[in-house]
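Just below is one structure, and these are the notes that go with it.
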Amino acid sequence: MSRQSSWPAIPAPPPLAGHGRRVLTAVHFGARAGLLARADTLALAVLILVGFGLRLGLLGRFPFHADEALYGYWARYTWPDDPLFLQVWPDKPPLFIWSLALAFRLFGASEAGAQMVNVLASTLTIPLVAAIARRWWGRPASLVAAMLLALNPFAISFAATAFTDPMLVLAGTFGLAAAARGWPLWAGIGLGAAIMTKQQGLLYAPLILAVLAFAPASAREAVSPSSRLAGLGRRLGLALVGTGLVVLPIVYWDSLRWDVAPSPWDLSVRHYGGLTLTHPADWLGRLRAWSELAWYLAAGRLPWAGWALLAAAGLLHLVQSGVNTTAEIPGALWARPLRWKQLANFYRDLPGRRRWPGTMEPGPFLLLVAWGAGFLALHVVASVQVWDRYLLPLAPILALAGARLAAALGEPWPANPGWRKSPGRNPLVETLSKFLPRLTRPGWTVGMLLLVGLLGIQPARVAATGGLPIGSDHGAMTGLHQALRWLQQENPDGYVLYHRVLGWHYRFYLYDPIRHGQVELRWYPSTTYLADNALKTPHRRKFLLVPAWAPQPDLAARLAMQGLQAQKRLQAGNFTLYELTQPPRPFCTWCLCRDPGAPARMPFAVWSGPQLSREQPSP
């Protein structure tokens, strides 16, 4: 069944006769298609630059979060000192740590150098999402997807950070893009890179493998059911090979450390306690907590209202498209009810499937929705920490789903004579054409981009200025840089620095002074231990940096019990710097004082026998 276009007819060239008319017609449509292609490419480049600019604004603006400082310390330690991590044991796969180490070599060992890795990773995810949308749903959808991700406040907030998640999303999106293109080897490489970036990369496996398995069969594979099954096995096998190309060398590298250091996978289980199902009574509370974080995927009532209207209109189109797809494509996997017996040999039941590229089939959209819903449900029912960065993989999925819904609004609606008298027409386009007679498909695309931009520009601006409470630190570490600079400037001969909650920060920011022995870090479990340890080191200057969000109310009392005191040296932002000193003692008659240059002499006799000279050896 053919679908009628809802768009006004393209102006035809002047009428000519014979061969000349055919040539000019081909030139006319070819030139117009080339112009549209160049315009789409230029628009995509502009969107990528806009996304890069929004992500670059937070570069080096805030101090590191504790986890960021730890990753930065691992990266600084691995390159010159310990490439096998024999003394420092990370609980994350090494791919991201190695990337940070390379960035430190290129950009310098600084916050901006570490954050630049994720700024580039987040920016590169934009064209990958556009490529996926274009492959599945055409050029208009690709531009909408690129704009949705470029303006996504969640992605912007996590771009200028040193967390592992932006690179995880880049690798997983690359694998998905390769699977959409029908490149199973590269899809496996992307999946392997995601797994070796962070353990959560395993969650991309169902989506990438499903896209490869349900992808339209090639002409060679469509000959017979056996050839389709063979094609399925070949694609999945190549994906497995690609995954092994990334995973196996890193596993071999890890095996070289097993006699001395634990594997990152084993260590992560020890630190996080494994993954278990939570009690059903806790699911509602966890759903509420995750929903509060998921709010920042759009970060505003107006954007979420726009999403709701877009979803309602787009889903209505998808429902109607599903009816039409059933009539036109009787073998489509997405249009027929699946039973377990059919699922076992579904390739045998698919004699003729239409190809995905450039079509409005709901299959890829349903895969994205199913994976996103499963991803969120897993975080609700499993014992996953409720941390904002764990939701970052949903940002490109949301952009792709929104692009599909937006593109559907401009497509011809399927025939349904019982519901509408003009089958194949889009009522929304018909209504707009009454007020905009020259409305064309490029004009519709521009209109959708403007609408998305108007809804998303304000949340994107707030995120680009650090106004959302997600991502890296946004104020808790204010003053840390100033306090550490004061310590370095005022104590060139070295000092002791006690820590309880800032050890990872000290190891990154004071890496060189600690490495050269200028700074000695000492961890203390309690203020009682701190006072006792400080009393035993009277010959060195000792400092304690106390954040406002981790006060030590009994510090003065515990120090006084040991005859010590905390002198305030600096107040910087949320931090107070104390020097632990011993106050001058009053004169005592029984204390022994001597000239440091005089020979050592005991104040009382310890030997009652004959005196031994220095030259006489002791018996």
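Reading the sequence shown from the start, the letters are residues 342 to 960 in my numbering.
Ideal placement from N, C-alpha and C gives every residue a C-beta, glycine not left out.
Nothing here was measured: the structure is a model prediction, and the numbers come from that model.
Please go through the same chain and pick out, in chain order, the residues whose beta-carbon is closer than 7 Å to the beta-carbon of residue i, but skip the five residues on each side of it.
i: Gln908; result: Tyr919, Glu920 and Thr922
i: Val588; result: Gly533, Ile536 and Met537
i: Thr878; result: Val837
i: Gly812; result: Ser498, Phe499 and Thr502
i: Arg961; result: This structure leaves residue 961 out entirely; the chain is present only between 342 and 960.
i: Ala654; result: Leu750
i: Leu651; result: Gly743, Leu746 and Ala747
i: His612; result: Asp432
i: Val364; result: Reliability of the predicted coordinates at Val364 is poor, the pLDDT of 48 falling under 50, and the value obtained from them is presented with this limitation in mind. Excluding residues within five positions, none has a Cβ falling inside 7 Å.
i: Leu543; result: Ile536
i: Ala444; result: Gly454, Ala455, Met457 and Val458
i: Leu597; result: Leu425
i: Asn832; result: Arg882
Hey, how far is the Cα of residue i from the Cα of residue j?
i: Pro737; j: Thr514; result: 8 Å
i: Leu838; j: Phe426; result: 25 Å
i: Phe716; j: Tyr865; result: 40 Å
i: Arg569; j: Ala554; result: 10 Å
i: Val860; j: His880; result: 14 Å
i: Gly394; j: Leu489; result: 15 Å
i: Pro435; j: Ser604; result: 10 Å
i: Arg575; j: Ala521; result: 16 Å
i: Pro404; j: Leu896; result: 26 Å
i: Ala676; j: Leu746; result: Low per-residue confidence applies at Ala676: pLDDT is 36, beneath 50, and the placement is therefore not dependable enough to give any value.
i: Leu581; j: Val592; result: 15 Å
i: Ala528; j: Ile549; result: 7 Å
i: Ser724; j: Phe448; result: 38 Å
i: Pro547; j: Thr382; result: 31 Å
i: Gly392; j: Gly794; result: 12 Å
i: Pro703; j: Trp636; result: 26 Å
i: Thr869; j: Ala649; result: 57 Å
i: Gly743; j: Ala898; result: 60 Å
i: Phe495; j: Gly398; result: 14 Å
i: Val842; j: Leu886; result: 10 Å
i: Arg680; j: Leu390; result: In this predicted model, Arg680 has a pLDDT of only 41, less than 50, meaning its place in the structure is not dependable enough to derive any value.
i: Gly713; j: Val387; result: 28 Å
i: Tyr545; j: Asp853; result: 39 Å
i: Trp981; j: Val787; result: This structure cannot settle anything about residue 981, because the visible part of the chain is limited to 342 through 960.
Grab me the residues of residue i's own chain with a C-beta within less than 8 Å of its C-beta, minus the 5 sequence neighbours each way, in chain order.
i: Thr505; result: Tyr412, Lys433, Phe437, Thr538 and Lys539
i: Trp624; result: Val721 and Val722
i: His846; result: Pro404, Phe405, Ala407, Ala410, Met818 and Leu821
i: Ala889; result: Asn915, Phe916 and Thr917
Please return the same chain residues whose Cβ sits closer than 6 Å to the Cβ of residue i, not counting the five positions on each side in sequence.
i: Gly518; result: Per the sequence shown, the amino acid found at residue 518 is Ala instead of Gly. Only Leu469, Ala472 and Ile473 meet the Cβ criterion.
i: Ala748; result: Trp478, Pro481 and Ala482
i: Phe945; result: Here Phe945 scores only 46 on pLDDT, less than 50, and its place in the model should not be relied on; the value that follows carries that caveat. Cβ within range, chain order: n/a, list empty.
i: Ala418; result: A small fix is needed here, since residue 418 is Tyr in this sequence, not Ala. Excluding residues within five positions, the ones whose Cβ falls inside 6 Å are Val429.
i: Ala367; result: Only weak support exists for where Ala367 lies, its pLDDT of 46 falling under 50; the coordinates are left without a value.
Can the beta-carbon of residue i be found closer than 9 Å to that of residue j?
i: Leu484; j: Ala384; result: yes
i: Arg802; j: Phe499; result: no
i: Trp430; j: Ala416; result: no
i: Gln456; j: Leu400; result: yes
i: Tyr414; j: Phe916; result: no
i: Ala487; j: Ile467; result: yes
i: Gly797; j: Ala639; result: yes
i: Pro800; j: Leu790; result: no
i: Pro892; j: Gln906; result: no
i: Pro705; j: Gln541; result: no
i: Leu732; j: Leu862; result: no
i: Leu792; j: Gly647; result: yes
i: Pro525; j: Leu579; result: yes
Does any CB atom of chain C fall closer than 9 Å to the CB of residue i?
i: Phe716; result: The chain labelled as chain C is not found in the depicted structure, where only one protein chain is given.
Measuring from the CB of residue i, is there a heavy atom of the ligand FMN at a distance below 8 Å?
i: Leu543; result: The model on display carries no ligand, and the ligand FMN is accordingly not part of it.
From the DSSP output, which residues share a beta bridge with residue i?
i: Arg863; result: Tyr839
i: Val458; result: According to DSSP, which records beta bridges pairwise, Val458 is partnered with nothing at all.
i: Phe916; result: Pro888 and Ala913
i: Ala907; result: Leu921
i: Lys883; result: Val837 and Leu921
i: Ala723; result: Leu618
Among the candidates the options, whose CA atom is the shortest distance from the CA of residue i?
i: Arg446; options: Leu465, Leu461, Trp420 and Asn459; result: Trp420
i: Asp834; options: Val842, Trp636, Lys883 and Leu650; result: Lys883
i: Ile855; options: Ala872, Asp873, Asn874 and Leu825; result: Leu825
i: Ala551; options: Gly788, Ala380 and Leu707; result: Leu707
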